[in-house]
Amino acid sequence: MDTLIVRLRKLGIGCKLFDVYYGCLLYADDILLLSHSVNAMGRMLAICDQFAVEFDLKFNTSKSLAMRIGNRYSVDCAPFTLSGGQLKFTSQVKYLGVYLVAAKCFTTTVSHLKVNFFRVFNCIYSRSKAASSEIVTVQLLKTYCLPFLLYASESVSHTTRHLHTLKA
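Positions 2 to 169 (the numbering used here) are the ones given, in order, by the sequence shown.
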């Protein structure tokens, strides 16, 4: 996969921040492509197609999504293709536990964290009532519920609105 990153970086397409290339983020088999325009993204996907042919790979288009961020995030555009299939546009995408949201500027959401927290909380609380020990219940909640609320929280800066949502 390093070859793919090198190709994209050498062509100069994809996002850069302070001369550091962020156009292709990889973790295991999860790939996130970032570009400044629809045209640049199309060129990046063409390079991915060429790479797949050369290295006998196939990208799974049923699990691949496209999302737009910027002033025109809600405007329809021509579909992207990858490995012969069209990518579905979505309003949210999950990458490594962080939910990115299609909007005018880069933003994330934390609503899923709250849902997961309460799912585990309700399960533990309903079963721990029989223990009749507040200390045991609190320890179980801290050990098993809090990680769901804090998952991937250090990877993004949360807005005041996000923090208020988690408090409620």
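Note that beta-carbon positions come from the ideal geometry of N, C-alpha and C, so glycine has one too.
Can you look up residue i in the DSSP assignment and give me helix, strand or coil?
i    : result
V99  : strand
T62  : coil
I70  : coil
K89  : strand
V139 : helix
K17  : strand
Going by DSSP, what residue range makes up the alpha helix (DSSP H) through residue i?
i   : result
D50 : V39 to E55
T4  : D3 to L12
F81 : From DSSP, F81 is part of no alpha helix (DSSP H); its letter is neither H nor E.
Applying the criterion that 16 or more other CB atoms from any shown protein chain within 10 Å of the CB defines a buried residue, is residue i buried or exposed?
i    : result
E136 : Checking the sequence, you will find Ile at residue 136 rather than Glu. Label assigned to I136: exposed.
M1   : The structure shown does not extend to residue 1, since the chain spans only 2 to 169, so no value can be given for it.
S65  : buried
A47  : exposed
C49  : buried
L12  : exposed
I'd like the list of long-range same chain contacts for residue i, defined as Cβ closer than 7 Å, with 5 residues on each side in sequence excluded.
i    : result
C16  : Y23, G24, L35, S36 and H37
R44  : I14
I125 : L141, L142, Y145 and C146
Name the two residues that bound the continuous beta strand (DSSP E) containing residue i.
i    : result
L26  : C25 to Y28
I32  : D31 to L34
T108 : T108 to T110
Beta-carbon within less than 6 Å of residue i's beta-carbon, same chain only, minus the 5 sequence neighbours each way: which residues are those?
i    : result
C106 : none
A67  : F81, L88 and F90
- Task: Pair every Cβ in the stretch 55 to 64 with every Cβ in the stretch 74 to 88, then say whether three or more of these pairs are closer than 8 Å.
- Result: yes
- Can we say the stretch 89 to 98 touches the stretch 115 to 125, given the rule of at least three CB pairs closer than 8 Å? no
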